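Residue numbers (the numbering used here): 844 to 1051. We treat Cβ as the ideally placed atom computed from N, Cα and C, and that holds for glycine. These numbers come from a predicted model, not from an experiment.
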């Protein structure tokens, strides 16, 4: 027979003793805690709010810029149109004024040209007739008396043809050059002139 040892006499604290045939007690692990609400990511919310505000600000600035740009374009277009209209009006007035000036100038030039042509032809003919008349007066005067002196006053351009036409009888002439248009003769206190100035005045009135 085995002798009882000290370990057999001491109670076994590791294994609970079973008293009788009752059910054995088992250890039940506690149920895990239910999941709580997720943690709030504050940084992410701030970043999202900032991005949203930036997008809204960008949209407002873009709309304001486009509106201002459209206003400036409209104003520039109106100014350009006003400038073109003003330039067109000024150019039109300048062209009309210049055209009128050219018409007047052309009329004056044509009038001067016609006057010179007609005046030249009439002047030559009138001078010839006047000199012939003066020559006749001088010849008739000298035929009565060779000692008579005849005073002649006027432009050299008329005196030279008269002297050439008189030949030797020109020795009885006392000529005094003057700037007048007429050639004036004084014979025995009688004054005879070519009356070229009257013709020139009449011609100017007709051609003006």
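Whole angstroms is fine: what's the gap from residue i's alpha carbon to residue j's?
i: residue 1021; j: residue 1006; result: 16 Å
i: residue 986; j: residue 1026; result: 21 Å
i: residue 915; j: residue 883; result: 49 Å
i: residue 908; j: residue 894; result: 21 Å
i: residue 992; j: residue 1013; result: 10 Å
i: residue 906; j: residue 940; result: 51 Å
i: residue 926; j: residue 948; result: 32 Å
i: residue 902; j: residue 881; result: 34 Å
i: residue 960; j: residue 984; result: At residue 960, the pLDDT of 48 sits below 50, so the modelled position is not reliable and the matter cannot be decided from this model.
i: residue 889; j: residue 896; result: 10 Å
i: residue 891; j: residue 898; result: 11 Å
i: residue 998; j: residue 1019; result: 9 Å
i: residue 958; j: residue 918; result: Low confidence applies to residue 958: its pLDDT is 47, below 50, so where it sits in the model is not reliable, and the reading given next is rough at best. If I take the Cα positions, the gap works out to 59 Å.
i: residue 977; j: residue 994; result: 12 Å
i: residue 936; j: residue 928; result: 12 Å
Under a three-way DSSP split, which group does residue i fall into?
i: residue 996; result: strand
i: residue 886; result: helix
i: residue 933; result: helix
i: residue 898; result: helix
i: residue 965; result: Residue confidence for residue 965 is low, a pLDDT of 49 falling below 50, so the modelled location carries little weight and cannot support an answer.
i: residue 1083; result: Nothing can be reported for residue 1083: it is not among the residues displayed for the chain, which extend from 844 to 1051.
i: residue 910; result: helix
i: residue 960; result: Reliability fails at residue 960, whose pLDDT of 48 lies under 50, so the model's placement of it is uncertain and the value that follows must be treated cautiously. Here residue 960 sits in helix by DSSP.
i: residue 926; result: helix
With distance defined between alpha-carbon atoms, name the residue in the options nearest to residue i.
i: residue 996; options: 981, 1009, 1016, 979; result: 1016
i: residue 975; options: 904, 917, 892, 1009; result: 1009
i: residue 1004; options: 983, 890, 972; result: 972
i: residue 1011; options: 982, 994, 1023; result: 982
i: residue 1000; options: 912, 1023, 994; result: 1023
Beta strand (DSSP E) containing residue i: first to last residue?
i: residue 1024; result: Note, residue 1024: premise wrong, no beta strand (DSSP E); not H, not E.
How about residue i: is its C-beta nearer than 8 Å to some C-beta of chain C?
i: residue 902; result: Protein chains in the displayed structure number just one, and chain C is not present.
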